[in-house]
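This report refers to the structure that appears directly beneath it.
There are 2 protein chains.
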Amino acid sequence: MATTKTNAAAAELTPKCLTLGNMNPNVKVMEYAVRGPLVTRASEIEKELEKGVKKPFNEVIKANIGDCHAMGQVPITFIRQVLALVSLPELLEDPRFPSDVKSRAKAILAGCRGQSVGSYTDSAGIEIIRKHVAEYIQRRDNIPCDYQNVLLCAGASDGIKSVLKLLIEKVDGKTPGVMIPIPQYPLYSASLAEFGMEQVGYYLNEEKNWSLDVSELERSIAEAKKTCNPRAIVVINPGNPTGQVLARQNIEDIIKFANKHKLFIFADEVYQDNVYAEGSKFFSFKKVLVEMGEPYSSMELASFMSCSKGYMGECGLRGGYTEVINMDPEVKAMLLKAISAMLCPTVLGQTVMDCVVNPPQKGEPSYDLFQKEKQAVLDSLAVRAKMVADTFNSFDGFSCNPVQGAMYAFPQIKLPQKAIEKAKSLKQCPSVFYAFQLLENTGICIVPGAGFGQKPGTYHFRTTILPQPEKLKSMLQKFKEFHESFMKEYN
Amino acid sequence: MATTKTNAAAAELTPKCLTLGNMNPNVKVMEYAVRGPLVTRASEIEKELEKGVKKPFNEVIKANIGDCHAMGQVPITFIRQVLALVSLPELLEDPRFPSDVKSRAKAILAGCRGQSVGSYTDSAGIEIIRKHVAEYIQRRDNIPCDYQNVLLCAGASDGIKSVLKLLIEKVDGKTPGVMIPIPQYPLYSASLAEFGMEQVGYYLNEEKNWSLDVSELERSIAEAKKTCNPRAIVVINPGNPTGQVLARQNIEDIIKFANKHKLFIFADEVYQDNVYAEGSKFFSFKKVLVEMGEPYSSMELASFMSCSKGYMGECGLRGGYTEVINMDPEVKAMLLKAISAMLCPTVLGQTVMDCVVNPPQKGEPSYDLFQKEKQAVLDSLAVRAKMVADTFNSFDGFSCNPVQGAMYAFPQIKLPQKAIEKAKSLKQCPSVFYAFQLLENTGICIVPGAGFGQKPGTYHFRTTILPQPEKLKSMLQKFKEFHESFMKEYN
Numbered sequence: 001m002a003t004t005k006t007n008a009a010a011a012e013l014t015p016k017c018l019t020l021g022n023m024n025p026n027v028k029v030m031e032y033a034v035r036g037p038l039v040t041r042a043s044e045i046e047k048e049l050e051k052g053v054k055k056p057f058n059e060v061i062k063a064n065i066g067d068c069h070a071m072g073q074v075p076i077t078f079i080r081q082v083l084a085l086v087s088l089p090e091l092l093e094d095p096r097f098p099s100d101v102k103s104r105a106k107a108i109l110a111g112c113r114g115q116s117v118g119s120y121t122d123s124a125g126i127e128i129i130r131k132h133v134a135e136y137i138q139r140r141d142n143i144p145c146d147y148q149n150v151l152l153c154a155g156a157s158d159g160i161k162s163v164l165k166l167l168i169e170k171v172d173g174k175t176p177g178v179m180i181p182i183p184q185y186p187l188y189s190a191s192l193a194e195f196g197m198e199q200v201g202y203y204l205n206e207e208k209n210w211s212l213d214v215s216e217l218e219r220s221i222a223e224a225k226k227t228c229n230p231r232a233i234v235v236i237n238p239g240n241p242t243g244q245v246l247a248r249q250n251i252e253d254i255i256k257f258a259n260k261h262k263l264f265i266f267a268d269e270v271y272q273d274n275v276y277a278e279g280s281k282f283f284s285f286k287k288v289l290v291e292m293g294e295p296y297s298s299m300e301l302a303s304f305m306s307c308s309k310g311y312m313g314e315c316g317l318r319g320g321y322t323e324v325i326n327m328d329p330e331v332k333a334m335l336l337k338a339i340s341a342m343l344c345p346t347v348l349g350q351t352v353m354d355c356v357v358n359p360p361q362k363g364e365p366s367y368d369l370f371q372k373e374k375q376a377v378l379d380s381l382a383v384r385a386k387m388v389a390d391t392f393n394s395f396d397g398f399s400c401n402p403v404q405g406a407m408y409a410f411p412q413i414k415l416p417q418k419a420i421e422k423a424k425s426l427k428q429c430p431s432v433f434y435a436f437q438l439l440e441n442t443g444i445c446i447v448p449g450a451g452f453g454q455k456p457g458t459y460h461f462r463t464t465i466l467p468q469p470e471k472l473k474s475m476l477q478k479f480k481e482f483h484e485s486f487m488k489e490y491n
Numbered sequence: 001m002a003t004t005k006t007n008a009a010a011a012e013l014t015p016k017c018l019t020l021g022n023m024n025p026n027v028k029v030m031e032y033a034v035r036g037p038l039v040t041r042a043s044e045i046e047k048e049l050e051k052g053v054k055k056p057f058n059e060v061i062k063a064n065i066g067d068c069h070a071m072g073q074v075p076i077t078f079i080r081q082v083l084a085l086v087s088l089p090e091l092l093e094d095p096r097f098p099s100d101v102k103s104r105a106k107a108i109l110a111g112c113r114g115q116s117v118g119s120y121t122d123s124a125g126i127e128i129i130r131k132h133v134a135e136y137i138q139r140r141d142n143i144p145c146d147y148q149n150v151l152l153c154a155g156a157s158d159g160i161k162s163v164l165k166l167l168i169e170k171v172d173g174k175t176p177g178v179m180i181p182i183p184q185y186p187l188y189s190a191s192l193a194e195f196g197m198e199q200v201g202y203y204l205n206e207e208k209n210w211s212l213d214v215s216e217l218e219r220s221i222a223e224a225k226k227t228c229n230p231r232a233i234v235v236i237n238p239g240n241p242t243g244q245v246l247a248r249q250n251i252e253d254i255i256k257f258a259n260k261h262k263l264f265i266f267a268d269e270v271y272q273d274n275v276y277a278e279g280s281k282f283f284s285f286k287k288v289l290v291e292m293g294e295p296y297s298s299m300e301l302a303s304f305m306s307c308s309k310g311y312m313g314e315c316g317l318r319g320g321y322t323e324v325i326n327m328d329p330e331v332k333a334m335l336l337k338a339i340s341a342m343l344c345p346t347v348l349g350q351t352v353m354d355c356v357v358n359p360p361q362k363g364e365p366s367y368d369l370f371q372k373e374k375q376a377v378l379d380s381l382a383v384r385a386k387m388v389a390d391t392f393n394s395f396d397g398f399s400c401n402p403v404q405g406a407m408y409a410f411p412q413i414k415l416p417q418k419a420i421e422k423a424k425s426l427k428q429c430p431s432v433f434y435a436f437q438l439l440e441n442t443g444i445c446i447v448p449g450a451g452f453g454q455k456p457g458t459y460h461f462r463t464t465i466l467p468q469p470e471k472l473k474s475m476l477q478k479f480k481e482f483h484e485s486f487m488k489e490y491n
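What follows is the structure, given as structure tokens:
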């Protein structure tokens, strides 16, 4: 013990090489609300509950993050069988596995050096999987897709950062800016902060179901041009955290706007399978842009997809792809070079991506089960999407747009003045104050609107629609009771 | 076709938003030789061979990259069984799997939210795996290890970049510099280029088996201080590309040097299981530093480990860990925040890391097979390490230090003047010229010394020792014949 004390004392005396004062300032300012202080507190509460601390609730419900399996969604059997077979190829001899699972696993292993998923792949991924992705995109859009434009990545976040990074360069002394929706998914604000790029927010139109107004885009870019050089626009469709599905006309308007201002388009389309509302349909930016013809069809675009969302929800396996179109070939070569230093995306993540883009076909033995499981997830999400929005709209002071797609609702709350003042006295955004109160009183963990951005003077939060139906119902009931007593206290 | 032509013409007319002229200049200058032009050419040759193009050889041997399974190394059964079970938990009921495989898989699944590897984990990894890593480090070093200092990552490269990134900050207007060995593993030069940090090379002493001379470290840092602010030193032990295993005394000297100059230590220890030479032993930097006592034992250090190397060679699965010690708690909080935006390292990579740090114990059913497979890989690598160095030393003009550890030999070649002039006339480094000649004539793909750095006027290359024994023998024979005819041509 004496030694330990001496060491500790000495350690305090030895100045650190790396301190808050001399570390990367971009890392210091970045924030990532989906895993921020509220979530940290939620985890603490979980540990307190484990230790037997008495609370007005028995469990923490993590409605803060689109983590499907964590909330009880069941993995798709076909995907997991293929994973098991490529991991342990002796199972290829096992008669219990269907022949289509085996043929998928064999094709992937044939694409691996030494027939092992333990080998490095090309940095852009296994060629046969890139080709399957290209075929999937081609079927989806009815537009040709060159597999050499497809780069596999470790989840969409990885792909997004790889392309975003290319834009880091001052032009005429001006910092590069990237237009992002407000509210936005905080990967964007975090990455822009890390890269020292300027965040150019444009407000989504809450009154028109979170669509994009060209007049607002024009306002935003005109404002931004005073201080930075806007080089790209990010659009998230279906929306996160806002759950809208963009109409084709709206996409055309955005493309025209991007063309007018020479912006590189980032189409975050990871929720392309998550469309629930009647009349809503997913159109990829690529399809719309190509079908608009010249000059739009030669615009530069990167589209991102993930196996973390959709009906598969394989967040932990880190699979995804980027499709780049019309990228300057010299720039594309640089992109490929840049990703090569990180060797390759995980082969098992690539495997999941293959299952998603090359699912069992009619007539194959896994087809019926695959369709049944996929449809069950999507149907249940559709029911929950409606349940969440409807329930919130029945709360005093709540207004919630329909959840047309994705996995989130982003309701607005009219908070009483007293609650706003209380929050301010605690130096918290009122949306943060509300979320902390909800957490401490009910165990429900949501993300305050402040983490995504919201119009000044408005207060929101994001909740996922992922708790299983029974749990979701009871969560909404608890939420309602909390909200009523909160309003009583502060009205 | 008419449309296509018109589109193509229009595309040429539409100026790109993102060009070589306005893209990230750091990405432009970065290089990653292990996957550089030589490897690109090797892949082209493979495709030519497939198409039936006649060559003086039948196959390309990729001795450029430490890609174990690609070169025929067989995966460890225990690891693959655990992977299959966590991927497809219904196999937990299968009596063919040993009980220790099942208990490992169950423990990992219990650490996953919703008991699924498809859920996100904490950004630093699953707690139980972090604890197993801490126990492994404690056993290895006989020094306490706090699991909260252990961060799982997607391969060591991911961990290294996450910590390196923290050091990006000008102090007194000076660019941060990082000392790296020359020759070095090009992840370092590539990452420093990407981050706009200065590479401060120190030469390893080839005459003393690639050890580190303090006088050379002093020369290097004195030189560097004229232009930048050296903040950290990277040491790769066992060495890549150089294959040395540092003596304990040498490590002590380096630690004293780092302490004197207040440098953060990056200990790249991914080859800690790959020690072959008699009398060589792996000492972790942490063990030596702690055992040296104050002031050294409170120095800041990050150590990196991977499941891509060792006896497991699971490169494609992207598992690894970082241990940070004595890091300023506020800085550590920033590190955790920074990695949180990337959500989490792949759960199946984390699973492999768990198998490595928590292998079957004596008395468990998988123990004998695990030990047998592990020892077979390490014994065979030891034989190949000796075979490669001995064979190269028998070549006219070659000198090769013993391969004490890791997976590479880095021989020096005395090239004839005529060859050097020929290379210069082609605007190639002579080591690059030699490597291209070797590739085109034999199909053997190595990485020229220029990709790692070498003393001016000396020429080297890196080859792995990974081809299986018979193939390695025939590769060395082909190499010998090539070298003899090369020397004849240019002497």
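Order-wise, the sequence lines are chains F and Z.
Mapping the first sequence onto the UniProt record's numbering, position 264 (from 1) lands on 264, and the numbers just tick up by one.
Mapping the second sequence onto the UniProt record's numbering, position 231 (from 1) lands on 231, and the numbers just tick up by one.
Virtual Cβ for every residue (Gly too), placed ideally from N, Cα, C.
Being a predicted model, the structure only gives us computed values, none of them experimental.
Item, Value
"Quick one: Cα of F/K422 to Cα of F/S474, how far?", "28 Å"
"Could you give the DSSP three-state label for Z/E198: helix, strand or coil?", "strand"
"From F/F282, F/A267, F/F266, pick the residue whose C-alpha is nearest to that of F/D273; which is it?", "F/F282"
"Using C-beta distances below 7 Å, list every residue in its chain close to Z/I251, excluding the 5 sequence neighbours before and after it, in chain order.", "F283, F285, V288"
"Nearest to F/V377 by alpha carbon, out of F/K51, F/S298, F/E135, F/T77?", "F/T77"
"Looking only at C-alpha atoms, which of Z/F264, Z/R130, Z/Q81 sits nearest to Z/S298?", "Z/F264"
"Sorted by chain position, which residues of the same chain lie with C-beta nearer than 6 Å to Z/R113's C-beta, five sequence neighbours on each side aside?", "S119"
"Distance cutoff 9 Å, beta carbons only. Does Z/Q81 sit that close to anything in chain F?", "yes"
"Quick one: grab the DSSP three-state call for F/P345.", "coil"
"If contact means a Cβ-Cβ distance below 7 Å, which residues of the stretch 162-175 of chain Z contact chain F?", "K165, L166, L167, I168, E169, V171"
"Does Z/P345 get closer than 9 Å to chain F when you measure Cβ to Cβ?", "yes"
"Strictly by DSSP, which residues pair up with F/F97?", "DSSP lists no partner for F/F97."
"Output needed in chain order: residues of the stretch 178-198 of chain Z with a Cβ under 8 Å from some Cβ in chain F.", "P186, L187, A190, S191, E194"
"Which value, in whole angstroms, describes the spacing of the CA atoms of F/L395 and F/E59?", "For clarity, residue 395 of chain F is Phe in the given sequence; the question names Leu instead. The alpha-carbon atoms of F/F395 and F/E59 are separated by roughly 23 Å."
"Residues of the stretch 353-383 of chain F with a CB closer than 7 Å to any CB of chain Z: list them in chain order, please.", "none"
"Where does Z/M305 fall in DSSP's three states?", "strand"
"Please state the DSSP three-state secondary structure of Z/Y311.", "coil"
"In chain Z, which residues lie with their C-beta within 8 Å of the C-beta of F/M30?", "K337, A338, A341"
"Alpha helix (DSSP H) containing Z/G159: first to last residue?", "156-164"
"Is it buried or exposed, Z/L426, if we count other Cβ atoms within 10 angstroms and call 16 or more buried?", "exposed"
"If the cut is a Cβ gap below 9 Å, which residues of chain Z does F/R231 touch?", "C17, L18, N22"
"Given that a residue counts as buried once 16 or more other Cβ atoms are within 10 Å of its Cβ, and exposed if not, what is Z/S99?", "exposed"
"Who are Z/R462's beta bridge partners in DSSP?", "Z/V447"
"Given Z/T442, which residues of its chain have a CB within under 6 Å of its CB, disregarding the five upstream and five downstream residues?", "F57, K478, F482"
"Out of curiosity, what's the CA-to-CA distance linking F/A110 and F/P89?", "12 Å"
"F/P176 by DSSP, collapsed to three states: which one?", "strand"
"Using DSSP with H/G/I as helix, E/B as strand and the rest coil, what is F/T391?", "helix"
"Taking Z/G451 as the reference, give the member of Z/P359, Z/S485, Z/G405, Z/Q428 with the closest Cα.", "Z/Q428"
"Just confirm the distance between the C-beta atoms of F/G155 and Z/L343, as a whole number of angstroms; I'd bet it's less than 8 Å.", "7 Å"
"Please confirm whether Z/E194 and F/K332 have their CB atoms less than 9 Å apart.", "no"
"Please look up how many angstroms separate the CB atoms of Z/Y408 and Z/T458, rounded, as I've assumed it's under 8 Å.", "The pair is not a contact, with the Cβ atoms about 17 Å apart (cut-off 8 Å)."
"Hey, could you find the ends of the beta strand (DSSP E) Z/L152 is sitting in?", "150-153"
"Examine the Cβ distances between the stretch 378-387 of chain Z and the stretch 217-226 of chain Z and report whether three or more of them are shorter than 8 Å.", "no"
"Please report the straight-line C-alpha distance between Z/N26 and F/L167, rounded to a whole angstrom.", "11 Å"
"Could you list which residues in chain F have their beta carbon closer than 7 Å to that of Z/V27, in chain order?", "K165, L166, M334, A338"
"If you draw a straight line from the C-alpha of F/G159 to the C-alpha of Z/K106, how long is it?", "32 Å"
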